[in-house]
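Worksheet: the structure to be examined is printed underneath.
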Amino acid sequence: MTRAKQAEAREKATDLVKDVTAAPVPVERIAKNLGVRIEYAPLDGELSGFAHTRDGVSMIGVNSLHAAVRQRFTIAHELGHICLHQSELQAVVHVDKGSLRRDSISSEGSDPLEVEANAFASEFLMPQHLLQSLLAGKLVDLEDDETIKNLAKRFRVSEAAMRYRLQPRG
Amino acid sequence: MSEMRLYRQLGKAIAKRRDDIGLKQQEVAKAIGLARASLANIENGRQRILVHQLFRLVTALKLNSITELVPPTWEFDDDEEAPRLKMRVNAGGQNTEAVTVLTDAQQAVVHNVVRSALGPVKRRSTK
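These protein sequence lines map, in sequence, to chains B and C.
Residue numbering for the first sequence follows our numbering, beginning at 3 and increasing consecutively.
Residue numbering for the second sequence follows our numbering, beginning at 11 and increasing consecutively.
Now the structure itself:
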């Protein structure tokens, strides 16, 4: 079931960031510690990034022309593919075209692999334990733009990604 | 030849940018001191551009760097028969074959980044 797979993706992300003590999550450092090579290159504006594995070496390509916040999401999303969908990346380069963030919001009708990678990225960049300690039990009103903005800034994610993360999961 | 791929890719990048900012070939050609026909050839990848013209183009097309038109480095693929990488693309949440959603130029850039990071794609072993 897709939902179980998404929970699995989140668990995998949680495990990787459990030792991070303060936001923002050092995406690049964690990826590199896992032995993943990260290449920044000016790609066509439509392309966010890509992931590929060859001879046991995994790499992530990131569009260096995009804003830093978007690059972080791209790396987290591609890392999700590397951690969850290794067999799919061996023979082919997996390229992500268009906005990944938009897909995470309208996940219906999306490929399960992309939904999983986005669930991974969301948890990876905004881990439960860091959110909890920052909010100290307070509930966030999703209409409260100021709070969302501050949280997004703190975690170095987009406001849309933060809003999505804070939504109750069905 | 690998150079041809480079010039074709550059030509497409120029044409796309020119189109995006709504300039005519005539206008851009004039700004860089070329005939309109020459620019048309460059955009088709049939004519090679000189370095100073490339820098003039950056200004004429209101860009900041030549790397918005060409990759920072280029791996020359001397072995024409070297296999190309296979690509799958997530386009708006749907995974599809690269040929249907990526331009040649887009694929070429990805190919180059992978190649410079992991080395050339090896031919399937015939040992």
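Glycine included, each C-beta is placed from N, C-alpha and C at the ideal position.
What is the DSSP secondary structure of residue i, reduced to helix, strand or coil?
| i | result |
| --- | --- |
| C/Ala25 | helix |
| C/Glu107 | strand |
| C/Thr113 | coil |
| B/Gly2 | For chain B, the structure presents residues 3 to 172; residue 2 of chain B sits outside this window and is missing. |
| B/Ile107 | Because B/Ile107 sits at a pLDDT of 49, beneath the cut-off of 50, its placement in the model cannot be relied upon, and the following sentence gives the value as read from the coordinates. Helix at B/Ile107. |
| C/Met97 | strand |
| B/Ile1 | Examination of residue 1 of chain B is not possible in this model, given that chain B is present from 3 through 172 alone. |
| B/Lys7 | helix |
| B/Lys99 | strand |
| B/Pro170 | coil |
| C/Met14 | helix |
| C/Ile76 | helix |
| B/Asp17 | helix |
| C/Pro81 | coil |
| B/Lys151 | helix |
| B/Arg156 | helix |
| B/Pro114 | helix |
| B/Thr23 | coil |
| B/Arg165 | helix |
| C/Glu53 | helix |
| C/Arg58 | coil |
| C/Phe86 | coil |
Pick from the options: whose alpha carbon is nearest that of residue i?
| i | options | result |
| --- | --- | --- |
| C/Gly32 | C/Leu71, C/Arg58, C/Glu53 | C/Leu71 |
| B/Leu153 | B/Met128, B/Glu80, B/Leu91, B/Gly139 | B/Met128 |
| C/Arg94 | B/Gly82, B/Gln88, B/Leu102, B/Ala93 | B/Ala93 |
| B/Tyr42 | C/Arg27, C/Phe65, C/Pro82 | C/Pro82 |
| C/Thr106 | B/Ala24, B/Arg12, B/Pro44, B/Glu116 | B/Glu116 |
| C/Arg125 | C/Trp84, C/Phe65, C/Ser48 | C/Trp84 |
| B/Leu49 | B/Leu86, B/Leu102, B/Arg5 | B/Leu102 |
| B/Asp21 | B/Val59, B/Glu13, B/His131, B/Leu86 | B/His131 |
| C/Leu112 | C/Lys22, C/Asp30, C/Glu13 | C/Lys22 |
| B/His87 | B/Glu118, B/Val59, B/Lys140, B/Gly100 | B/Glu118 |
| C/Asn51 | C/Phe86, C/Val68, C/Met14, C/Val80 | C/Met14 |
| B/Glu145 | B/Val29, B/Gly139, B/Thr23, B/Arg165 | B/Arg165 |
| C/Leu67 | C/Lys96, C/Gly55, C/Phe86, C/Arg28 | C/Arg28 |
| B/Arg5 | B/Asp147, B/Asn120, B/Leu137 | B/Asn120 |
| B/Glu30 | B/Thr16, B/Thr76, B/Ala11, B/Lys7 | B/Thr76 |
Suppose contacts are defined by Cβ-Cβ distances below 8 Å. Is residue i in contact with residue j by that definition?
| i | j | result |
| --- | --- | --- |
| C/Asn74 | B/Asp113 | no |
| C/Gln19 | C/Ala127 | no |
| B/Ala123 | B/Ala78 | yes |
| B/Met61 | B/Val38 | yes |
| B/Glu80 | B/Phe126 | no |
| B/Val95 | C/Val120 | yes |
| B/Pro177 | C/Glu78 | In this structure chain B extends from 3 to 172, so residue 177 of chain B is not present and cannot be described. |
| B/Gly63 | C/Val123 | yes |
Between the C-alpha atoms of residue i and residue j, what's the straight-line distance to the nearest angstrom?
| i | j | result |
| --- | --- | --- |
| B/Leu133 | B/Arg158 | 13 Å |
| B/Ala9 | C/Ile24 | 45 Å |
| C/Gln36 | C/Leu60 | 18 Å |
| C/Lys137 | B/Asp57 | Caution is warranted here: a pLDDT of 38 is assigned to C/Lys137, below 50, making its placement in the model unreliable, and the coordinate value is therefore given only provisionally. Rounded to whole angstroms, C/Lys137 to B/Asp57 spans 18 Å at the Cα level. |
| B/Arg74 | B/Pro26 | 10 Å |
| B/Thr55 | B/Glu90 | 9 Å |
| C/Gly43 | C/Gly102 | 41 Å |
| C/Arg58 | C/Leu49 | 10 Å |
| C/Arg98 | C/Leu64 | 32 Å |
| B/His68 | B/Gly47 | 8 Å |
| B/Lys34 | C/Ala47 | 48 Å |
| B/Asp105 | C/Lys40 | Residue placement at B/Asp105 is flagged as unreliable, the pLDDT there being 46, under the threshold of 50; the coordinate-derived value follows with that caveat. Between B/Asp105 and C/Lys40, the C-alpha separation is close to 43 Å. |
| C/Glu53 | B/Glu13 | 49 Å |
| B/Ala70 | C/His62 | 31 Å |
| B/Leu18 | B/Ile32 | 8 Å |
| C/Gly55 | C/Tyr17 | 5 Å |
| B/Val142 | B/Leu168 | 8 Å |
| B/Ser160 | B/Gly82 | 18 Å |
| C/Lys34 | C/Ala45 | 12 Å |
| B/Ala24 | B/Val59 | 29 Å |
| B/Gly139 | C/Gln116 | 46 Å |
| C/Lys26 | B/Lys99 | 17 Å |
| B/Ile107 | B/Ser66 | Per-residue confidence for B/Ile107 stands at a pLDDT of 49, beneath the threshold of 50, marking its modelled position as unreliable; the derived number appears in the next sentence. Answer to the nearest angstrom: the Cα atoms are 24 Å apart. |
In the DSSP assignment, what residue or residues form a beta bridge with residue i?
| i | result |
| --- | --- |
| C/Val68 | BP columns for C/Val68 are empty, so no partner. |
| B/Ser94 | Here residue 94 of chain B is Val; the residue named in the question, Ser, does not match the sequence. Per DSSP, C/Lys96. |
| B/Ala33 | Paired residue(s): none; B/Ala33 is not in a bridge. |
| B/Gly63 | B/Glu41, B/Phe52 |
Given that residue i touches chain E, what residues does it touch there, using C-beta distances under 9 Å?
| i | result |
| --- | --- |
| B/Asp98 | Of the protein chains in this structure, namely B and C, none is chain E. |
Going by the C-beta, is residue i closer than 7 Å to any heavy atom of the ligand NAP?
| i | result |
| --- | --- |
| B/Val142 | With respect to the ligand NAP, the structure offers nothing, as it holds no ligand at all. |
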